[in-house]
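Heads up: the sequence lines are chains A and B, in that order.
Sequential numbering from 64 applies to the first sequence in my numbering.
Sequential numbering from 64 applies to the second sequence in my numbering.
Here the structure is laid out as C-alpha cells; the discussion comes afterwards.
2 protein chains.
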Amino acid sequence: MLSIGELSRRTGVKVPTIRYYEQMGLMAAAERSGGNQRRYGREDLERLAFIRHARDLGFEIERIRELIALSHHPKDACEGADRIALAHLADVREKIDKLKKLEHELERIVSHCSGHTVEDCYVIRALSDHGLCDHEH
Amino acid sequence: MLSIGELSRRTGVKVPTIRYYEQMGLMAAAERSGGNQRRYGREDLERLAFIRHARDLGFEIERIRELIALSHHPKDACEGADRIALAHLADVREKIDKLKKLEHELERIVSHCSGHTVEDCYVIRALSDHGLCDHEH
DNA sequence: GCTTGAACCTCTAGTTGCTAGAGCAATTAT
DNA sequence: ATAATTGCTCTAGCAACTAGAGGTTCAAGC
Numbered sequence: 064m065l066s067i068g069e070l071s072r073r074t075g076v077k078v079p080t081i082r083y084y085e086q087m088g089l090m091a092a093a094e095r096s097g098g099n100q101r102r103y104g105r106e107d108l109e110r111l112a113f114i115r116h117a118r119d120l121g122f123e124i125e126r127i128r129e130l131i132a133l134s135h136h137p138k139d140a141c142e143g144a145d146r147i148a149l150a151h152l153a154d155v156r157e158k159i160d161k162l163k164k165l166e167h168e169l170e171r172i173v174s175h176c177s178g179h180t181v182e183d184c185y186v187i188r189a190l191s192d193h194g195l196c197d198h199e200h
Numbered sequence: 064m065l066s067i068g069e070l071s072r073r074t075g076v077k078v079p080t081i082r083y084y085e086q087m088g089l090m091a092a093a094e095r096s097g098g099n100q101r102r103y104g105r106e107d108l109e110r111l112a113f114i115r116h117a118r119d120l121g122f123e124i125e126r127i128r129e130l131i132a133l134s135h136h137p138k139d140a141c142e143g144a145d146r147i148a149l150a151h152l153a154d155v156r157e158k159i160d161k162l163k164k165l166e167h168e169l170e171r172i173v174s175h176c177s178g179h180t181v182e183d184c185y186v187i188r189a190l191s192d193h194g195l196c197d198h199e200h
C-alpha cells in the first residue's frame, strides 16, 4: 500500500490535488491506516494516472467523471467516450482559432508602435480607439 | 450624465461587471446621484471602452491597471506599454502551441477509435495507458 | 524506548473574472 | 399616484486547484 506522498511521486499529481480529486468523487475514498492516513493500492494508482492523463489533455473534471463511468461498463458502446473526445477536440480547435485572431491583432498593434512617448504609442492608442482595429473581437 | 445601465448599453459591459471594475480599482469610484446611484461622464465612458477593449484582447486586469497608469503619463516612454503587449503576445503564442499539441494528440486518439465496446475503445485505452502517446504532455 | 523531523490530517480561505440572487431603495413612465 | 424598471449592497458560486493554520502520525536514529 502506498502513502499519499508515494502516490503523488509516482503519478506527478500533487498531494492536495489527490485529496481534492477524492473530495470531487473522481477518486474513490481511500482506505485508511490505523492512524487515519490514506493508503492506496494498484487500482488507485491506475485510476489516478488515468485522471492525470485526461487532465493533461484538457478534459474537464466532469467529463473525466463520465469517462470513468464509461470505462466501468466494458460491454457498452464506446460511442460515449468518442463523443466526449470529439466535443473536446472541437473545443480545443475553437480556442485555437480565437487565440490566433488575438495573436494577429496583437502583432498588428505591437508592430505599429514606433513612438517613444505614450502620446503616440500605438499600443495605448489602439486600446483607446476601437476604430484602429481590423475587425470586431 | 449616464446611469450605469446606459453606460452598460453603450460599452457592451454588463452592469455588475462595471461595478466589479470599480471595486477592483480599474474604474474610478463614480459620482453619485442624490439617491446614491452611479452617474458617469464622457471620461468614464472612454475608460470603460479602453478596459473592454483590452479585456477582449485578453489582457489581465492587473495588466490593464498598469496600462491605465501608463496612459496617464503621456510624457513617459511607451516602453512599458510595449513590454506589456509583447509579453501578452508571447503568452498567447505559448497557449496556441500548447493547444495545437493537444489538438494533434486528440486527433490521433479519436481517429484510432474503431472499436465498438469500451474494451477496445482507443479513447479509453489511450487515457489509461500513457504508452500509447506520441510524446509527453 | 524516546525523540526528532518529515509527512500526514482537516478545515478554511485565496486565486481569476466575473455572474446570480436576495432584499431593499430610487427613478421613470403612465 | 402607482407600477415597472432600474438601481443599490452584500453574499455566494463557478473551475480546478493552491496555500496556510494548527494539530497528529509515522519512520528512523540513538
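Glycine is no exception: its CB is placed at the ideal position from the N, C-alpha and C atoms.
Applying the 10 Å Cβ sphere with the 16-neighbour rule, what's the burial state of B/Met87? Numbered from 1 along the second sequence, position 24 holds the residue referred to as residue 87 of chain B. With fewer than 16 neighbouring CB atoms inside 10 Å of its own CB, B/Met87 falls in the exposed class.
Cα-Cα separation, A/Tyr185 to A/Ala150: Position 122 of the first sequence, counted from the first residue, corresponds to residue 185 of chain A. Position 87 of the first sequence, counted from the first residue, corresponds to residue 150 of chain A. Roughly 39 Å between the two C-alpha positions.
What residues from chain A crowd round B/Lys77, counting only those whose CB sits closer than 8 Å? Reading the second sequence from its first residue, position 14 is the one you call residue 77 of chain B. Simply none; closest approach about 17 Å.
Any Cβ of chain B within less than 7 Å of the Cβ of A/Asp160? Walking along the first sequence from the start, residue 160 of chain A turns up at place 97. In terms of beta-carbon proximity, A/Asp160 stays away from the interface with chain B, with every pair separated by 7 Å or more.
B/Met90: buried (16+ other C-beta within 10 angstroms of its C-beta) or exposed? In the second sequence, residue 90 of chain B corresponds to position 27, counting from 1. B/Met90 should be labelled buried.
So the alpha helix (DSSP H) B/Gly237 belongs to, where does it begin and stop? Outside the displayed span of chain B (64 to 200) sits residue 237 of chain B, for which this structure offers no information.
Measure the C-alpha to C-alpha separation of A/Gln100 and A/Lys158 and round it to an integer number of angstroms. Counted from its first residue, the first sequence places residue 100 of chain A at position 37. Counted from its first residue, the first sequence places residue 158 of chain A at position 95. Taken atom to atom, the span from the alpha-carbon of A/Gln100 to that of A/Lys158 is near 41 Å.
According to a CB-to-CB cut-off of less than 7 Å, which residues of the segment 114-137 of chain A neighbour chain B? Contact annotation: in the segment 114-137 of chain A, residues whose CB is within less than 7 Å of a CB in chain B are His116, Ala117, Asp119, Leu120, Gly121, Leu130, Leu133, Ser134, His136 and Pro137.
Per DSSP, what kind of secondary structure is B/Glu106 in: helix, strand or coil? For this step, residue 106 of chain B is matched to residue 43 along the second sequence. Here B/Glu106 sits in helix by DSSP.
Count the other CB atoms, across all protein chains shown, that sit within 10 Å of the CB of B/Gly104; report buried if there are 16 or more and exposed otherwise. Taking the first residue of the second sequence as position 1, residue 104 of chain B is located at position 41. Per the 10 Å Cβ criterion, exposed.
Do B/Leu111 and B/Tyr78 have their beta-carbon atoms positioned less than 7 Å apart in this structure? Stepping through the second sequence from its first residue, residue 78 of chain B is reached at position 15. Stepping through the second sequence from its first residue, residue 111 of chain B is reached at position 48. Note that residue 78 of chain B is Val in the sequence shown, not Tyr. Not closer than 7 Å, so no.
Please report the straight-line C-alpha distance between A/Ser134 and B/Ile187, rounded to a whole angstrom. Walking along the first sequence from the start, residue 134 of chain A turns up at place 71. Walking along the second sequence from the start, residue 187 of chain B turns up at place 124. Cα to Cα, A/Ser134 sits roughly 7 Å from B/Ile187.
Leaving aside the five residues before and after A/Leu190 along the sequence, list all residues of the same chain whose C-beta is less than 7 Å from its C-beta, in chain order. To locate residue 190 of chain A, count along the first sequence from 1; it is residue 127. Cβ neighbours of A/Leu190 within its own chain (closer than 7 Å, five residues either side excluded): none.
Between A/Tyr84, A/Ser66 and A/Arg72, which lies nearest to A/Gly97 when the distance is taken from Cα to Cα? Taking the first residue of the first sequence as 1, we reach residue 97 of chain A at position 34. Among A/Tyr84, A/Ser66 and A/Arg72, the Cα nearest to that of A/Gly97 belongs to A/Ser66.
Answer yes or no: does any C-beta atom of chain B fall closer than 7 Å to that of A/Ile67? In the first sequence, counting from the first residue as 1, residue 67 of chain A sits at position 4. With a threshold of 7 Å between beta carbons, A/Ile67 makes no contact with chain B.
Let me check you understand the geometry: is the CB of A/Ala91 closer than 6 Å to at least one non-hydrogen atom of the ligand NAP? Absence of the ligand NAP from the depicted structure is noted, as is the absence of any ligand whatsoever, leaving it without description.
Roughly how many angstroms separate the alpha carbons of A/Gly121 and B/Glu106, rounded to a whole number? The residue you call residue 121 of chain A lines up with position 58 of the first sequence. The residue you call residue 106 of chain B lines up with position 43 of the second sequence. Inter-residue distance for A/Gly121 and B/Glu106 is about 42 Å (C-alpha atoms, whole angstroms).
Against chain B, does A/Leu190 count as a neighbour if the rule is that its beta carbon must be under 7 Å from one of theirs? Residue numbering aside, residue 190 of chain A sits at position 127 when the first sequence is read from its first letter. Taking CB atoms only, A/Leu190 has a neighbour in chain B less than 7 Å away.
Are the CB atoms of B/Ser118 and B/Met64 nearer to each other than 7 Å? Counting from 1 along the second sequence, the entry for residue 118 of chain B is found at position 55. Counting from 1 along the second sequence, the entry for residue 64 of chain B is found at position 1. The amino acid at residue 118 of chain B is misidentified as Ser; the sequence shows Arg. Going by C-beta atoms, B/Arg118 is not nearer than 7 Å to B/Met64.
Counting C-beta neighbours from all protein chains within 10 Å, is the total for B/Glu168 16 or more, i.e. buried, or is it exposed? For the purposes of this step, residue 168 of chain B is identified with residue 105 of the second sequence, where counting begins at 1. B/Glu168 should be labelled buried.
Name, please, each residue of chain B whose Cβ falls closer than 9 Å to the Cβ of A/Asp107. Along the first sequence, one-based indexing puts residue 107 of chain A at 44. The contacting residues do not exist; A/Asp107 stays about 14 Å from chain B at best.
Could you check whether the Cβ of B/Ile81 sits closer than 7 Å to any Cβ belonging to chain A? Sequence index remark: in the second sequence, residue 81 of chain B carries index 18 (1-based). Answer no: the Cβ-Cβ gap between B/Ile81 and chain A never drops below 7 Å.
Interface flag, B/Glu157 vs chain A, CB-CB below 7 Å: As a first step, residue 157 of chain B must be located in the second sequence, where it is residue number 94. B/Glu157 has a beta carbon lying at 7 Å or more from every beta carbon in chain A.
So what's A/Glu157 in DSSP terms, helix, strand or just coil? Residue numbering aside, residue 157 of chain A sits at position 94 when the first sequence is read from its first letter. Here A/Glu157 sits in helix by DSSP.
B/Glu123 in three-state terms, based on DSSP: For the purposes of this step, residue 123 of chain B is identified with residue 60 of the second sequence, where counting begins at 1. Shown here, B/Glu123 sits in coil according to DSSP, grouped into three states, outside any helix or strand.
Check whether B/Ala144 and B/Leu130 have beta carbons under 7 Å apart: Stepping through the second sequence from its first residue, residue 144 of chain B is reached at position 81. Stepping through the second sequence from its first residue, residue 130 of chain B is reached at position 67. In this structure, B/Leu130 lies closer than 7 Å to B/Ala144 by Cβ.
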